[in-house]
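*Asks:* Under my numbering, the first residue of the sequence shown is numbered 1084, with each subsequent residue one higher.
Please see the structure below; I have some questions.
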Amino acid sequence: MKLLPILLSILLSFNFLIAQNSRPGLATLTGTIKTSDDKPAANVTIRILNERWATMTNDKGRFTLRNITPGAYTITASAISNATQEKTITLTADQVEKLDFVLNESAQELMEVVVSNSALNKQTNSVAKMPLKNLENPQVYGSVSAEIMKQQVITSYDDAMRNVPGITRTWESTGRAGDGGSYFALRGFDAQPTLINGLPGLTSGNLDPANVEEIQVLKGPSGTLFGGSFYSYGGIINTITKKPYFNFGGEVAYNFGSFGLNRITADINTPLSKTEKIALRVNTAYHSENSFQDAGFKKSFYIAPSLTYEMSDKLSFMVQAEILEEERAVPPVFFHNNRVDPLDFKNIEELNLNNNLSFTSNDLTIKNPRYNLQAQMVYKISEVWTSQTVFSRGSVRSNGIYTYIWDDVAGDNWFSQYFHKEQQVTNTTDIQQNFNADFKIGKLRNRLLVGLDYFNRSIVDNGGGWASARNVTPQGDVNYVDPYTGDTLAPVYLTAASIDNLLAGTGNANSNISNSSYSAYVSDVINFTPGLMLMLSLRADYFDSKGEKTTSEDDYSQFAVSPKFGLIWQPVRDKVSLFANYMNAFIN
């Protein structure tokens, strides 16, 4: 802030710099500006109204204006937070006139104003699983706040990700079982939004932004703190949800737009006791939209209640849930090569895709209901140690028709469209116990994390088989010729009855798979000086896959160790940070 008055003083005192003495026939104006408590007022702007002459007072409250053409003028004195004062004066040739002002404010009231952005999250517990400022973390991460999403009128979780540099959506949510959520490219690897508040939060469909407080994108391998049960080579996408607070508040909003967009949201928070610190917050949303293409729609209902109870200064509880019901008609992904041979088409123009066509119908829908439950207990053991116990339980489903388009015979411009009956549920359970400490060994400050993590995932799949229904071109032509035999097959129309009939003879999966991982991890941030830190982290992970419950032949297990190291140096403390790191990831 001190730089601005200096620069202004240089600019406004230009006449003073080029002439120490007034030229003959011109006048000079000098004076002193004082505060209401009789102290010099520095950095006050003195200006001749509607003229070019202006300057600023020095540290002693003095000012001088030279080379003023004789005449009658209005002189103004103004400072930040102070009402402008005016005085009228008449100057004659070669006159040196003295003019003083006394401001209405005291010296304390005129102190510099420091403007800071309270919405900027400079410290977070979820990125490193310990209280750590962003300049103390040797891992790059970006974030999108709820305030930014509100200002941009964002109605889609995927659209919010456009605010994060270095991440790009590769395809939208397909709704298919297992990995039907949106895919993103993060440092060259696949990434999906699979964490909610640092805990498992799988989805086969879309995420609703109504309950999002912040989206964090951790860049680089992240297996040390978050394990190998999710994509973590390129980074992790972690969604932080809104939490209750202890006074009444909320808002209700309605958004509408083109292609039938209608969205109603509500965010209501209320304390539940006048004597106890108990608060309830409920976020809910109803969303419906159509498509710019010839078919496609989405309808969803979302509700997320959360309850916080601070029993004492040492003990607090929080329970929160998310329930999402969603149904969509999803355009198929266009796989135009076999992932081995070079691409026949490098872009949409070469493919000559008619992007007004959906290659589906509103009768072929997929449903992706989802629920997620999290419970947390935080207990402050002492001034040094804090315990956090967390539990999460989730369930995601895929029910309906999934379709994709595949280039069976390269180079002929005809693509086969395949269909599949989805009927799968994935259930997850996660239990974590974390201990955080902040202590010194000699002169070295240590911020320590010690944690245990149990994660279980079970997948029950009763979906049908796969079948090709027709051949299409990117321009929308259709035929029913078998690409391998050349026989013309009976037409299959894009209706639920027709596709069900096509898939009737493909059988069912009847699969039931379960796997678990058992992990222990430790992370320590050591301060050699306030601006020089070292992070040492390590995770040990044992993965046990039971495979199909009907047989033990596909059972297997593996053990992984994931280290992470980082050296942080702040040449300008809390302003500039330089770091080097080694990070690791693995997949179970």
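For glycine and all other residues, C-beta sits at the position ideal for the given N, C-alpha and C.
How long is the line joining the alpha carbons of Arg1411 and Asp1446, rounded to whole angstroms?
*Replies:* One-based indexing of the sequence shown puts residue 1411 at position 328. One-based indexing of the sequence shown puts residue 1446 at position 363. So the alpha carbons of these two residues sit roughly 10 Å apart.
*Asks:* Which residues share a DSSP beta bridge with Val1210?
*Replies:* Counting from 1 along the sequence shown, the entry for residue 1210 is found at position 127. None; Val1210 has no bridge partner.
*Asks:* On a Cα-Cα basis, can you pick out the residue from Asn1664, Ser1475, Val1555 that is closest to Gln1516?
*Replies:* Here the question's residue 1516 lines up with position 433 in the sequence shown. Nearest C-alpha to Gln1516: Ser1475.
*Asks:* If the criterion is Cβ atoms closer than 8 Å, does the pair Gly1311 and Asp1624 meet it?
*Replies:* Sequence index remark: in the sequence shown, residue 1311 carries index 228 (1-based). Sequence index remark: in the sequence shown, residue 1624 carries index 541 (1-based). Yes. Within cutoff.
*Asks:* Just to confirm, are Ala1587 and Asp1544 a CB contact at a threshold of 8 Å?
*Replies:* To locate residue 1587, count along the sequence shown from 1; it is residue 504. To locate residue 1544, count along the sequence shown from 1; it is residue 461. Against a cut-off of 8 Å, the Cβ pair of Asp1544 and Ala1587 comes out as no contact.
*Asks:* Using CA atoms only, rank isn't needed, just tell me which of Thr1512, Ala1580, Val1555, Leu1577 is closest to Ser1599.
*Replies:* Taking the first residue of the sequence shown as position 1, residue 1599 is located at position 516. Minimum Cα distance to Ser1599 is reached at Thr1512.
*Asks:* Please state the DSSP three-state secondary structure of Asn1150.
*Replies:* Walking along the sequence shown from the start, residue 1150 turns up at place 67. Asn1150 falls in the strand class under three-state DSSP.
*Asks:* By a C-beta neighbour count over all protein chains shown, 10 Å radius and 16 as the cutoff for buried, is Phe1538 buried or exposed?
*Replies:* The residue given as residue 1538 occupies position 455 in the sequence shown. Buried, because 16 or more other Cβ atoms sit within 10 Å of the Cβ of Phe1538.
*Asks:* Is there contact between the region 1522 to 1535 and the region 1600 to 1612, where contact requires at least three CB pairs shorter than 8 Å?
*Replies:* Segments in contact, yes.
*Asks:* May I have the straight-line CA-CA distance separating Asp1242 from Thr1251, to the nearest angstrom?
*Replies:* Within the sequence shown, residue 1242 is the residue found at index 159, counting from 1. Within the sequence shown, residue 1251 is the residue found at index 168, counting from 1. Near 10 Å, if we compare the C-alpha coordinates of Thr1251 and Asp1242.
*Asks:* Would you tell me roughly how many angstroms separate the C-alpha atoms of Phe1267 and Ile1319, rounded to the nearest one?
*Replies:* Here residue 1267 refers to the residue found at position 184 when the sequence shown is read from its first residue. Here residue 1319 refers to the residue found at position 236 when the sequence shown is read from its first residue. Rounded to the nearest angstrom, the two C-alpha atoms are 10 Å apart.
*Asks:* Would you tell me roughly how many angstroms separate the C-alpha atoms of Gly1559 and Thr1348, rounded to the nearest one?
*Replies:* In the sequence shown, the residue the question calls residue 1559 occupies position 476. In the sequence shown, the residue the question calls residue 1348 occupies position 265. Using only the alpha carbons, I get a separation of about 38 Å.
*Asks:* What does a CB cutoff of less than 8 Å around Pro1153 pick up in its chain, not counting 5 residues either side in sequence?
*Replies:* Residue numbering aside, residue 1153 sits at position 70 when the sequence shown is read from its first letter. The answer, listed in chain order, is Gly1108, Leu1109, Ala1110, Leu1174, Thr1175, Ala1176, Gln1178.
*Asks:* Could you give the first and the last residue of the continuous beta strand (DSSP E) run that contains Leu1661?
*Replies:* Indexing the sequence shown from 1 puts residue 1661 at position 578. Segment 1659 to 1665, the beta strand (DSSP E) holding Leu1661.
*Asks:* Evaluate Gln1103 with the Cβ neighbour count: other Cβ atoms within 10 Å of its Cβ, from every protein chain shown; 16 or more gives buried, anything less gives exposed.
*Replies:* Counted from its first residue, the sequence shown places residue 1103 at position 20. Any reading at Gln1103 needs caution, since the residue's pLDDT is 46, under 50, leaving its predicted position unreliable; the model's value is listed next. Exposed: under 16 other Cβ atoms inside 10 Å.
*Asks:* Among residues of its own chain, excluding the 5 on either side of Met1460, which ones have a beta-carbon nearer than 6 Å to its beta-carbon?
*Replies:* Position 377 of the sequence shown, counted from the first residue, corresponds to residue 1460. Only Phe1400, Thr1472 meet the Cβ criterion.
*Asks:* Which stretch, first to last residue, makes up the alpha helix (DSSP H) that contains Asp1242?
*Replies:* For this step, residue 1242 is matched to residue 159 along the sequence shown. First-last of the alpha helix (DSSP H) with Asp1242: 1240 to 1243.
*Asks:* Can you tell me which of the three DSSP states Asp1583 falls into?
*Replies:* For this step, residue 1583 is matched to residue 500 along the sequence shown. Helix at Asp1583.
*Asks:* Given a threshold of 16 other Cβ atoms within 10 Å of its Cβ, counted over all protein chains shown, does Ser1201 qualify as buried or as exposed?
*Replies:* In the sequence shown, the residue the question calls residue 1201 occupies position 118. Since pLDDT at Ser1201 reaches only 40, below the 50 mark, its modelled position is unreliable, and no value is offered.
*Asks:* Chain D beta carbons: is any one of them nearer than 8 Å to that of Ile1250?
*Replies:* Protein chain content of the structure displayed is limited to a single chain, and chain D is not contained in it.
*Asks:* Where does Ala1623 fall in DSSP's three states?
*Replies:* What you label residue 1623 is simply residue 540 of the sequence shown in a count that begins at 1. Strand, per DSSP.
*Asks:* Please return the same chain residues whose Cβ sits closer than 6 Å to the Cβ of Thr1286, not counting the five positions on each side in sequence.
*Replies:* For the purposes of this step, residue 1286 is identified with residue 203 of the sequence shown, where counting begins at 1. If we look at Thr1286 and ignore the five residues flanking it on each side, its Cβ neighbours are Gly1264, Arg1453, Val1479.
*Asks:* Taking the straight line between their C-alpha atoms, what separation do you get for Arg1530 and Val1608?
*Replies:* Working through the sequence shown from its first residue, we reach residue 1530 at position 447. Working through the sequence shown from its first residue, we reach residue 1608 at position 525. For Arg1530 and Val1608, the distance between alpha carbons rounds to 5 Å.
*Asks:* Just to confirm, is the Cβ distance from Tyr1240 to Ala1668 under 8 Å?
*Replies:* Against the sequence shown, residue 1240 aligns to sequence position 157. Against the sequence shown, residue 1668 aligns to sequence position 585. Contact: no.
*Asks:* Ignoring anything shorter than 4 residues, give me the alpha helix (DSSP H) runs that lie fully in the region 1252 to 1310, in order along the chain.
*Replies:* The region 1252 to 1310 contains these whole alpha helix (DSSP H) runs: 1306 to 1309.
*Asks:* What are the residues that DSSP puts in a beta bridge with Ser1383?
*Replies:* Counting from one through the sequence shown, the residue named residue 1383 turns up at place 300. Per DSSP, His1370, Glu1409.
*Asks:* Can you tell me the Cα-Cα spacing of Phe1329 and Gly1649, whole angstroms?
*Replies:* In the sequence shown, the residue the question calls residue 1329 occupies position 246. In the sequence shown, the residue the question calls residue 1649 occupies position 566. Cα to Cα, Phe1329 sits roughly 38 Å from Gly1649.
*Asks:* So, helix, strand or coil for Ala1378, using DSSP?
*Replies:* Sequence index remark: in the sequence shown, residue 1378 carries index 295 (1-based). Looking at Ala1378 - three-state DSSP - the assignment turns out to be coil, as it is neither helix nor strand.
*Asks:* According to DSSP, is Ile1231 part of a helix, a strand, or is it coil?
*Replies:* Your numbering for residue 1231 matches position 148 in the sequence shown. Three-state result, Ile1231: helix.
*Asks:* Measure the C-alpha to C-alpha separation of Thr1171 and Leu1132 and round it to an integer number of angstroms.
*Replies:* Counting from one through the sequence shown, the residue named residue 1171 turns up at place 88. Counting from one through the sequence shown, the residue named residue 1132 turns up at place 49. Whole-angstrom Cα-Cα distance: 10 Å.
*Asks:* So, Ile1298 versus Thr1277, is the Cβ gap smaller than 8 Å?
*Replies:* As a first step, residue 1298 must be located in the sequence shown, where it is residue number 215. As a first step, residue 1277 must be located in the sequence shown, where it is residue number 194. Going by C-beta atoms, Ile1298 is not nearer than 8 Å to Thr1277.
*Asks:* Taking the continuous alpha helix (DSSP H) assigned at Glu1180, which residues delimit it?
*Replies:* Mapped onto the sequence shown, residue 1180 falls at position 97. Glu1180 -> not in any alpha helix (DSSP H); beta strand (DSSP E) instead, spanning 1179 to 1181.
*Asks:* Should the region 1216 to 1224 be called in touch with the region 1154 to 1162, which here means at least 3 C-beta pairs below 8 Å?
*Replies:* No, the region 1216 to 1224 does not touch the region 1154 to 1162.
*Asks:* List the residues that DSSP assigns as beta-bridge partners of Val1561.
*Replies:* Sequence index remark: in the sequence shown, residue 1561 carries index 478 (1-based). BP columns for Val1561 point to Val1555.
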